[in-house]
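Working notes, structure below.
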């Protein structure tokens, strides 16, 4: 693969369809985007790995979002890694990239260096929230953590909440090329059986972990054969093929699924992006009384806020905040900008 071709595929999500199997899917590659997501923080390697996997899942799942929609993925656990949160902002129009941001909360004292990252989340849940914009009610689906990876949790989520057989094959980690510093890369494939018009299935006889539905519980005999064949083919994908950069997504699809009639669509570029701003912070504080704002005020007479996603720092005059504000925002003279 030439450098130009590699750059064209990095930080993209490529949708495709397997005509013979009635299966759709996506191939994602994250390079600079993932590096920017992680560089906003100084996470231990175990936490970085979980954020990388979550960001990759978010890119693969979020590609289906309509213009201006937002998809959020959240993992909460009882272990050392307490929270992983990601956001996918769909493009505002057809000519702009999607944006991804992510962060994690963890207990450094409980974190076991070198231990399996997923095991350090503990018991908890995996959730996806879809926000269609103002005037709509966000949709949220939740499933227990299960299966030994965030990818397995996402598969369980789609089986339970969407009744869609789904498979993820992911690869992520520190990449070191000759003469270049190590940086994070991630890549993966998502397969999903096309939705059926049949009624939703009950959980009776579910064969998944902890009584959850598995993909095969949602398919009839012929569909199950197609699904099994596509999954066997995906099993042959190697980690370096998934993560790149030497194998392009179209070359990978052709190698894996040439007998399934793969058809690709336009790739979606993705980049790191945060939507935080002084106005958004001010709006979030508008529900508080002057007394509440007083409790938030520092000794030097300012109210401060930090964005957990990008690390931006904001400072405000407390008299301009809350529903009992004494002064308009303009009275601060623009001093509430990020630092």
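In our numbering, the protein residues as written are -11 to 327. Each residue gets a CB set at the ideal place from its N, CA and C atoms; glycine is no exception.
{"Asked": "Straight-line gap, residue 255 to residue 144 (C-alpha atoms, nearest Å)", "Found": "26 Å"}
{"Asked": "Own chain partners of residue 251 with C-beta closer than 7 Å, once the 5 adjacent residues on each side are dropped", "Found": "4, 5 and 7"}
{"Asked": "Beta-carbon spacing of residue 108, residue 117 below 9 Å", "Found": "no"}
{"Asked": "Beta-carbon spacing of residue 155, residue 218 below 9 Å", "Found": "yes"}
{"Asked": "Burial state of residue 134 (16 or more Cβ within 10 Å)", "Found": "buried"}
{"Asked": "Any alpha helix (DSSP H) of 4 or more consecutive residues that is wholly inside the region 119 to 148", "Found": "138 to 145"}
{"Asked": "Residue 58 versus residue 212 - alpha carbon distance", "Found": "32 Å"}
{"Asked": "Residue range of the unbroken alpha helix (DSSP H) whose run includes residue 346", "Found": "Any question about residue 346 goes unanswered here, given that the chain covers just -11 to 327."}
{"Asked": "First through last residue of the beta strand (DSSP E) which encompasses residue 175", "Found": "171 to 181"}
{"Asked": "Coil, strand or helix - residue 161 by DSSP", "Found": "strand"}
{"Asked": "Alpha-carbon spacing of residue 314 relative to residue 280, whole angstroms", "Found": "14 Å"}
{"Asked": "Pairwise C-alpha distance: residue 162 and residue 168", "Found": "12 Å"}
{"Asked": "Through-space distance from residue 179 to residue 48, alpha-carbon basis", "Found": "10 Å"}
{"Asked": "Cβ contact check for the region 17 to 29 and the region 88 to 104: 3 or more pairs under 8 Å", "Found": "yes"}
{"Asked": "Helix, strand or coil at residue 301 [DSSP, three-state]", "Found": "strand"}
{"Asked": "Length of the line joining the Cα atoms of residue 282 and residue 101", "Found": "41 Å"}
{"Asked": "Pick from 173, 159 and 158 that is closest to residue 165, judged by C-alpha positions", "Found": "173"}
{"Asked": "Exposure label - residue -1; buried when at least 16 CB within 10 Å", "Found": "buried"}
{"Asked": "Assigned secondary structure, residue 88 (DSSP; H/G/I helix, E/B strand, else coil)", "Found": "strand"}
{"Asked": "Separation of residue 139 from residue 146, as counted between CA atoms", "Found": "11 Å"}
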